[in-house]
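Under UniProt numbering, the letters of the sequence shown match residues 1 to 649, in that order.
From the three backbone atoms N, C-alpha and C, an ideal C-beta is built for every residue, glycine too.
Remember, it's a predicted structure, so these values are computed and weren't measured experimentally.
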Amino acid sequence: MKYLKTGVESAVLKQISTQLSQSHSKKDIFVKEVHELGAVDQFFVCVTCRATLNVIARSFRDPEGELAGPDNKPIMKKIVLDICDRLKIQTEEVCGALFESHWDIAEYIITNTVIDSREMCGLFMQLSFCDTGKHPDYEWSLAVDQSVPEATEPKSDIPSKSEKDLKILHLTDIHHDPWYKAGALAECDEPLCCQRHSEVAEGTSKAAGYWGDYRECDLPWQTLENAFDHIKTTHKLDYIYQTGDVVDHMVWGTSDEKNEDVYKNVIEKMYEVFPDVPVYPTIGNHESHPLNMFSPDYVPEYVNTRKLYEVLYNIWSKYLPEDTKSTILKGGYYTTLVKPGFRIIALNNNDCYTDNWWIFHNGTDMKSQLQWLHEVLLTAEKANEYVHILAHIPSGDGTCWKVWSREYNRIIARFRNTISGIFNGHTHKDEMNVHYSNGHAVGISWNGGALTTWTDKNPNYRVYQVEPSSYQVVDHETWIFNLTEANNAGKDASPNWFREYTFSEEFTSNLSPASIDSFLDKMAENPDLVRKFWRYKMTSADPRLAEGCGKSCLLSTLCRIATSVNDQKTRCEELKAKLSVAIDNENNSSSEGTTAGTTASTAPTPTGSTTESNPSTKPPGGGGDGAMSITAISLTSLLAALFAIKCLF
């Protein structure tokens with residue numbers, strides 16, 4: 001504040017600014033999450049977050065504060081742009097646009113929130129040492145029906161596969177970029193590239209490929225059309241699940257109009273290609289303008305998400321009945337009876353996303369949709385219906401609020417005999433999560449990966465085989481094409497789509513929660529099984545395979561499967577301990593002359609794969625062993641500042 005008032009930069013401020021500005025890429029703030037940091041880094045982030053938010057909040061709420069009154073916007077914008085430039089967080093274009101789109105919501109929440117800076121930072125970070133957890137609005141429980149006893153054994157009943165099984169397509173995280181341009185610059189400072197500066201990239205390795213790019217680039221229209229056409233000619237489908245994030249990652253360039261155009265073009269193209277296949281969509285965090293923001297329905301119009309819900313209902317109503325309208329307009333969620341005995345519930349679980357600042361406004365707002373879910377499931381149970389739940393964010397993700405996640409898992413456990421499938425997206429990884437109750441596996445959340453290539457992924461989709469009596473998933477297969485091969489062949493050759501793997505053939509033929517949980521023990525005893533799972537999780541993408549998956553990556557990969565509430569890790573820790581021993585034994589054998597490498601995947605090379613790859617600087621998903629070339633102190637300082645800023649703006 002003093003620097004902005006006087007314009008005089010102290011020696012200490014200059015030294016800190018220089019150190020921080022040289023210690024990161026401009027993408028850091030967009031590609032790292034708090035739960036991925038080490039303990040020391042997390043501590044500094046917590047302290048810095050509390051201090052920064054405390055100063056900002058006081059300046060807003062105190063009548064004499066620097067940010068009080070109607071003229072606070074230009075002052076705050078000056079602060080943000082100065083930090084952005086001083087620390088080289090992003091380009092001025094990106095920082096300025098993000099400020100303009102987020103300011104009204106930030107000001108409203110800071111002015112009206114019921115929690116202080118300590119509680120806000122604790123909620124954002126979700127770490128025990130930073131979480132005060134004392135405000136009643138942020139520590140609540142649902143009223144869950146107790147008429148069914150708690151689980152005393154894992155859920156194991158599952159029918160066999162048959163020719164009568166349904167085929168359900170899972171398309172998620174499409175992230176179509178309407179401005180994608182083949183040959184444009186694929187290595188840029190902004191969060192999304194492959195849109196401009198063709199004159200710089202032409203004829204170099206920095207040029208974007210025709211069918212997409214492994215770097216920070218989203219899906220071009222020609223790839224989306226090709227994917228839809230391939231799916232139509234390859235599969236006979238009964239239903240399509242689209243679990244969110246149709247809009248691109250140009251987070252600084254969103255608007256109500258642009259987001260609507262992108263979403264409408266993609267979904268209507270889906271309707272056109274699959275005219276006789278019902279589509280059941282959910283909302284992703286990228287559908288809103290600004291990004292991640294999903295308000296309660298009672299706030300003023302200028303900060304309300306209602307307009308988005310109206311747009312989505314108008315698009316979705318092709319396959320959804322009139323009785324879904326009220327809940328869609330209220331909060332972007334719905335339920336519909338697909339056929340007698342089979343119901344779909346589509347959640348807007350951005351309510352749990354800690355990047356959704358409306359969580360900081362009033363925690364009890366996030367309770368109502370979960371209670372609605374409970375009541376719908378209770379009614380479905382009484383009607384002898386089976387239910388599929390569609391939601392964007394996996395409940396065990398590190399960015400899903402642990403109170404919401406915990407209560408959601410209580411619902412899953414209570415209605416384990418009614419819920420026959422859960423389907424997520426968001427992570428861009430082909431994976432799954434096991435839900436537990438009293439240590440017993442009671443459900444599986446299936447994640448469909450992503451059609452986009454952002455980042456370091458081959459485009460993929462899943463097809464589930466679902467038996468028609470209890471509507472459980474009895475098998476699934478993932479299809480991909482190798483992006484390097486497709487781009488090398490050029491625009492005149494269609495990508496070579498192929499079935500990457502079938503779950504029952506590669507892992508276990510029984511997909512019940514009990515069987516999957518037992519298979520996790522086999523994975524913990526055999527690192528090669530984890531490597532295979534990791535390879536498919538990463539869609540066999542060339543940059544990921546070039547990096548490999550070291551010990552910490554393998555441990556994290558297995559742990560994530562066994563996590564459905566992000567602060568309940570009992571099963572995760574048990575599996576990690578076993579896997580750690582297995583990896584160490586493998587390494588000991590290797591040092592004695594046995595060839596059992598710890599970084600290469602042992603899954604078979606997929607058809608159409610190539611050894612050529614683009615380099616990647618990010619660690620493998622699920623954890624990595626990549627080393628940074630900066631000092632621990634500078635990294636700590638940098639992350640503390642960046643995450644405090646991220647929490648604010």
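Problem set entry | For residue 705, three-class secondary structure by DSSP | Examination of residue 705 is not possible in this model, given that the chain is present from 1 through 649 alone.
Problem set entry | Alpha carbon of Glu-92 to alpha carbon of Asp-276, nearest angstrom | 47 Å
Exercise. So Leu-390 is in the beta strand (DSSP E); what residue range does that whole segment cover?
Worked result: 386-390
For this session: May I ask you to verify whether the stretch 399-411 touches the stretch 135-142, counting CB pairs closer than 8 Å and requiring at least 3?
Result: yes
Exercise. Which residue spans inside the stretch 264-311 form an unbroken alpha helix (DSSP H) run of at least 4?
Worked result: none
For this session: Using 10 angstroms around the beta-carbon of Ser-540, count the other beta-carbons present and answer buried if the total reaches 16, otherwise exposed.
Result: buried
For this session: Would you list the residues sitting across from Asp-475 in a DSSP beta bridge?
Result: Gln-465
For this session: Could you check if Lys-491 is buried or exposed, using at least 16 other CB atoms within 10 Å of its CB as the buried criterion?
Result: exposed
For this session: Answer yes or no: does any C-beta atom of chain B fall closer than 8 Å to that of Thr-282?
Result: Among the chains of the structure shown, chain B does not appear; only one protein chain is present.
Exercise. Per the contact definition of three or more C-beta pairs closer than 8 Å, is the stretch 475-488 in contact with the stretch 191-207?
Worked result: no
For this session: In angstroms with no decimal places, state the Cα-to-Cα distance between Ile-561 and Gly-550.
Result: 17 Å
Exercise. Is it buried or exposed for Glu-260, if we count other Cβ within 10 angstroms and need 16 for buried?
Worked result: buried
For this session: Taking 8 Å as the threshold, find out whether the stretch 445-455 comes into contact with the stretch 571-578 through three or more Cβ pairs.
Result: no
Problem set entry | C-beta atoms of Gly-244 and Thr-282 nearer than 8 Å | yes
For this session: Over the uninterrupted alpha helix (DSSP H) stretch that includes Gly-69, give me the two end residues.
Result: Element bounds for Gly-69: n/a, residue is neither H nor E.
Problem set entry | Nearest-angstrom Cα separation, counted from Asn-362 out to Gly-443 | 30 Å
Exercise. Quick one: what's got a C-beta closer than 6 Å to Asn-350's C-beta in the same chain, skipping five residues either side?
Worked result: Asn-285, Phe-294, Asn-356
For this session: Look at the alpha carbon of Glu-505 and the alpha carbon of Ala-493, and state the distance between them as a whole number of angstroms.
Result: 30 Å
Exercise. With burial defined as no fewer than 16 other Cβ atoms inside 10 Å of the residue's Cβ, what is the status of Gln-465: buried or exposed?
Worked result: buried
Problem set entry | DSSP state of Ala-514 mapped onto helix, strand, coil | helix
Exercise. Taking contact to mean at least 3 C-beta pairs separated by less than 8 Å, is the stretch 417-427 in contact with the stretch 381-401?
Worked result: yes
Problem set entry | Option in Ser-556, Asn-587, Pro-70 with minimal Cα separation from Glu-574 | Ser-556
For this session: Leaving aside the five residues before and after Trp-446 along the sequence, list all residues of the same chain whose C-beta is less than 8 Å from its C-beta, in chain order.
Result: His-170, Gly-421, Ile-422, Phe-423, Asn-424, Met-432, Arg-462, Tyr-464, Val-473, His-476
Exercise. Alpha carbon to alpha carbon, what distance is there between Gly-209 and Cys-188?
Worked result: 15 Å
Exercise. Considering only C-alpha positions, which residue in the set Asp-173, His-435, Pro-340, Val-247 is nearest to Tyr-241?
Worked result: Asp-173
Problem set entry | Three-state secondary structure assigned by DSSP to Thr-336 | strand
For this session: Please report how far the alpha carbon of Lys-200 lies from the alpha carbon of His-175, in whole angstroms.
Result: For the record, residue 200 in the displayed sequence is Val; it is not Lys. In a straight line, the C-alpha of Val-200 is about 25 Å away from that of His-175.
Problem set entry | Validate contact between the stretch 507-515 and the stretch 144-164 using beta carbons, cut 8 Å, 3 pairs | yes
Exercise. Are the CB atoms of His-289 and Ser-469 nearer to each other than 8 Å?
Worked result: no
For this session: Report all residues from its chain with a CB closer than 8 Å to the CB of Thr-111; omit the five preceding and five following residues, and keep chain order.
Result: Phe-60, Arg-61
Exercise. Could you give the residue range of the alpha helix (DSSP H) that holds Glu-107?
Worked result: 92-112
Problem set entry | Per DSSP, cross-strand counterpart(s) of Ser-445 | Ile-422, Asn-433
Exercise. Tell me which same chain residues have a C-beta within less than 8 Å of the C-beta of Asp-104, skipping the five on either side of it?
Worked result: Tyr-302, Val-303
Exercise. DSSP state of Tyr-214, grouped into three classes?
Worked result: coil
Problem set entry | For Cys-553, three-class secondary structure by DSSP | helix
Exercise. Can you check whether the CB of Tyr-180 is closer than 8 Å to the CB of Pro-149?
Worked result: no
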